[in-house]
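Take any residue in the sequence shown, note its place counting from 1, add 79, and you have its number in our numbering.
Ideal Cβ positions, reconstructed from N, Cα and C, are used throughout, including at glycine.
Note that this is a predicted model, so its numbers are computed, not measured.
These notes are about the structure you will find just below.
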Amino acid sequence: MTLLSPLGLLWLVSIPILCWIWRFTATQHRRQVPSLVPFERLLKRPPKRLTRLVVNTLFWLQLAALLGGALALAQPALVRPPSRTTLVVLDTSASMGAVSGSTSALERAKRALLRRVARKRPTEQLFLVATSPLSPLTPQPTSDAAALRRAIRDVPLSHLGGNLATTAHVGRGLLGAEPDETVIVTDEPVPAAGSGGPGPVPPEERVRWLSVGAALPNAAIVGLDAQGPLCDPSDARIVVTVQNFAREAQAAGLRVVQNGRRMAEERLELSPGERRSLSLPVPESVEGWVVIELDAARDALASDDRAWIRLERATRLPILLQLRTPSLQSAVSGWLAACPTLAWSAAPPDAGGAALVVTDEEAALSSAAAGMLFLPPSQPRPVLSYWTVSSGHPIGSYLAPVGIVGAPLNLASDAPPGFPVIVALVNGRKVPLVVAEERDGRRLVTMRFSPAGVETAPPVLLAFFNSLRWLLGAPGSQHAGESLMVPAFTSGMVSVRRPDGSTETMAAPDGGVRYDNATLAGLYRFRQAGVGSEVTVAVNAFDPLESNLLDRASTWRA
């Protein structure tokens, strides 16, 4: 309240004066008597003071009039306490499904947030934003405790990765102003202020962390590939890449299951932190969707223990040789001629057809569906080196982890992008020789050596044919978070049955469906009313960052 008029202050000061006048008049009484003799005894008594003020209705009316006049002249301005806005970032990524004891990290996060809502002040407004997928859980900041509790309880878990810094940045943008406080609820480690790490939290940022995670061992499927027959018509395989995210060795088992029947099975022993690709043979008659299941002794996360892939006996890509170096042309054509089931040609590529191009010119790969690029050295002198092979990629199958090989090597320091499958140790240097890259469904292998003169060396042969098998293979599924494109429908409404059993309905105006809510790993079944056919698409969750519960990496950036 502010007094904007001096006269109003005068009115306020007159109120206690009025009360004192009434008190004084109530205690002062005047008595007149003709003689004091009859009242001597009364006069000897001590005077009694009134302890209770007796007022009449007129006093209250006058007091109310004084107060009303004082308020009218003072013109008080009532100011409410300022509201407080808190941005809450809730981690809903795949790692939040890890179970410790009997509860998951997401359940513990929800309990912590519900306690936070119960303790908030009436004027505090909370704005909830989830990381995976990045979306607000409340349309606007609200202080409605019931709406906040409902939004927290209903938030689902996804099998996606998440980024705390991006989510907080988007949340601030949706608010339109800096929040008074940012609360991060996650299983990631709390970044230390001033530590110089990837996510330091400056004190002036007013960021509060509610960590609900724990360091847990886990084993996960981190890669999957279907490889059809190469040189043997019955040699079809599924290459599964698994990794042990634990500090102890543990036994694990892999199973290939179709309609409840086991097609293949293998037991393995994984050392601490080991990443290994296993090739599982499947019968030639197996077609359709199969599920690969991983069973490990110490496994805290279930979403990365299953993967789906479709096996098809489809015609593989034709192979086109576009090699300008005669020695390379002779060596590679001799390898391909030894495999009669491969369809290859040295003719120029057809403008309308997809092909796997084997070349030593990068420009020839512009229109290729897949490619193998040879980058041989300018002087083809054999160099003796140690080849170290990564077992974490399908190309590394059947190759010895370390071997001595003499071959012409490209020792240039600029390495191509991708996953180094084979690295040569030359004079204390690590030189990537075979580099695999997959981008937007297109596969490319870069070979930084020349096979001329060493065509019969087993490591060179295996590196070429393993790379060729991987290039001719297909992932057979999509990753969580990618858009699912299903064109085989007429115009109308299409229902989508998700892996969790829920159903969504969407329109297909042009006969095609684009589904952007593939947040869970599993099979998505698309069906249209009146059409008997059903289209099934598999989505897998391969994310080593989310599967690594032992050493969680922070996604916070100040």
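First through last residue of the alpha helix (DSSP H) which encompasses residue i
{"i": "Arg232", "result": "224-233"}
{"i": "Glu625", "result": "623-626"}
{"i": "Ala197", "result": "184-198"}
{"i": "Val249", "result": "243-254"}
Reduced DSSP secondary structure (H/G/I, E/B, other) of residue i
{"i": "His558", "result": "strand"}
{"i": "Val365", "result": "coil"}
{"i": "Gly475", "result": "helix"}
{"i": "Val436", "result": "strand"}
{"i": "Thr584", "result": "strand"}
{"i": "Leu97", "result": "helix"}
{"i": "Trp139", "result": "helix"}
{"i": "Phe498", "result": "strand"}
{"i": "Glu441", "result": "helix"}
{"i": "Ser174", "result": "helix"}
{"i": "Gly507", "result": "coil"}
{"i": "Val539", "result": "helix"}
{"i": "Ala89", "result": "The identity of residue 89 in the sequence shown is Leu, whereas the question assumes Ala. If DSSP states are grouped into helix, strand and coil, Leu89 belongs with the helices."}
{"i": "Ser546", "result": "helix"}
{"i": "Ala617", "result": "strand"}
{"i": "Gly302", "result": "strand"}
{"i": "Gly532", "result": "coil"}
{"i": "Leu390", "result": "strand"}
{"i": "Leu146", "result": "helix"}
{"i": "Leu216", "result": "coil"}
{"i": "Pro279", "result": "Only weak support exists for where Pro279 lies, its pLDDT of 47 falling under 50; the value from the coordinates is given anyway. Residue state, collapsed to three classes: coil."}
{"i": "Glu267", "result": "coil"}
{"i": "Gly240", "result": "coil"}
{"i": "Ser274", "result": "With a pLDDT of only 44 at Ser274, under 50, the local geometry of the prediction cannot be trusted, and no value is derived from it."}
{"i": "Asp378", "result": "coil"}
Inter-residue CB distance, residue i and residue j (contact presumed, cutoff 8 Å)
{"i": "Ser237", "j": "Leu599", "result": "7 Å"}
{"i": "Asn489", "j": "Leu452", "result": "No, Asn489 and Leu452 are not in contact; Cβ-Cβ is about 11 Å, not under 8 Å."}
{"i": "Leu243", "j": "Ala173", "result": "Not quite, the Cβ-Cβ distance comes to about 14 Å (not below 8 Å), so this is no contact."}
{"i": "Ser464", "j": "Val505", "result": "5 Å"}
{"i": "Pro578", "j": "Leu602", "result": "6 Å"}
{"i": "Gly485", "j": "Pro461", "result": "5 Å"}
{"i": "Val251", "j": "Leu166", "result": "According to the sequence displayed, residue 251 carries Arg and not Val. Their Cβ separation, rounded to whole angstroms, is 7 Å, which keeps Arg251 and Leu166 in contact under 8 Å."}
{"i": "Asp304", "j": "Trp635", "result": "Not confirmed; about 34 Å, so no contact."}
{"i": "Leu651", "j": "Ala149", "result": "As shown, the chain starts at 80 and ends at 637. That puts residue 651 outside it, with no answer to give."}
Span of the beta strand (DSSP E), counted from its first residue to its last, around residue i
{"i": "Ala574", "result": "Looking at the sequence shown, residue 574 is not Ala but Ser. 571-576 is the extent of the beta strand (DSSP E) around Ser574."}
{"i": "Arg340", "result": "340-349"}
{"i": "Pro405", "result": "Premise fails: Pro405 lies in the alpha helix (DSSP H), 405-416, not in any beta strand (DSSP E)."}
{"i": "Pro397", "result": "First-last for Pro397: undefined, no H or E at that position."}
{"i": "Trp36", "result": "Absent from the structure is residue 36, since the part of the chain shown begins at 80 and ends at 637."}
{"i": "Ser356", "result": "354-360"}
{"i": "Gly601", "result": "601-607"}
{"i": "Gln154", "result": "Gln154 -> no beta strand (DSSP E), and no H or E assigned at all."}
{"i": "Ser464", "result": "461-468"}
{"i": "Gly552", "result": "Note, Gly552: premise wrong, no beta strand (DSSP E); not H, not E."}
{"i": "Phe206", "result": "203-209"}
{"i": "Arg522", "result": "521-526"}
{"i": "Ala449", "result": "449-453"}
{"i": "Gln331", "result": "According to the sequence as given, residue 331 is Ala; it is not Gln. Per DSSP, Ala331 belongs to the beta strand (DSSP E) from 329-337."}
Through-space distance from residue j to residue i, alpha-carbon basis
{"i": "Ala376", "j": "His248", "result": "40 Å"}
{"i": "Val524", "j": "Glu440", "result": "13 Å"}
{"i": "Gln204", "j": "Val502", "result": "56 Å"}
{"i": "Val361", "j": "Gly367", "result": "12 Å"}
{"i": "Ser633", "j": "Glu267", "result": "6 Å"}
{"i": "Val269", "j": "Ile263", "result": "9 Å"}
{"i": "Ala230", "j": "Ala331", "result": "39 Å"}
{"i": "Ser214", "j": "Thr246", "result": "8 Å"}
{"i": "Leu216", "j": "Met175", "result": "17 Å"}
{"i": "Val436", "j": "Ser445", "result": "10 Å"}
{"i": "Leu628", "j": "Ala293", "result": "8 Å"}
{"i": "Ser570", "j": "Pro218", "result": "32 Å"}
{"i": "Ala191", "j": "Leu289", "result": "8 Å"}
{"i": "Leu512", "j": "Leu478", "result": "14 Å"}
{"i": "Glu327", "j": "Val321", "result": "15 Å"}
{"i": "Arg521", "j": "Ala448", "result": "6 Å"}
{"i": "Pro480", "j": "Pro538", "result": "10 Å"}
{"i": "Cys534", "j": "Val336", "result": "A small correction: the amino acid at residue 534 is Glu; Cys does not occupy that position in the sequence shown. Whole-angstrom Cα-Cα distance: 39 Å."}
{"i": "Ile94", "j": "Ile100", "result": "10 Å"}
{"i": "Leu253", "j": "Leu227", "result": "17 Å"}
{"i": "Ser358", "j": "Val286", "result": "47 Å"}
{"i": "Pro456", "j": "Arg527", "result": "8 Å"}
Heavy atom of the ligand GTP within 7 Å of residue i beta-carbon
{"i": "Arg341", "result": "Questions concerning the ligand GTP fall outside what the structure shown contains, since it holds no ligand whatsoever."}
Interface flag, residue i vs chain D, CB-CB below 8 Å
{"i": "Leu193", "result": "Protein chain content of the structure displayed is limited to a single chain, and chain D is not contained in it."}
- Message: Contact between the stretch 294-301 and the stretch 371-384 is defined here as three or more beta-carbon pairs at a separation below 8 Å; is this criterion met?
- Response: yes
- Message: Pairs of beta-carbons, one from the stretch 339-353 and one from the stretch 144-151, closer than 8 Å: are there three or more?
- Response: no
- Stretch pair the stretch 208-217 + the stretch 182-198: three plus CB contacts closer than 8 Å: no
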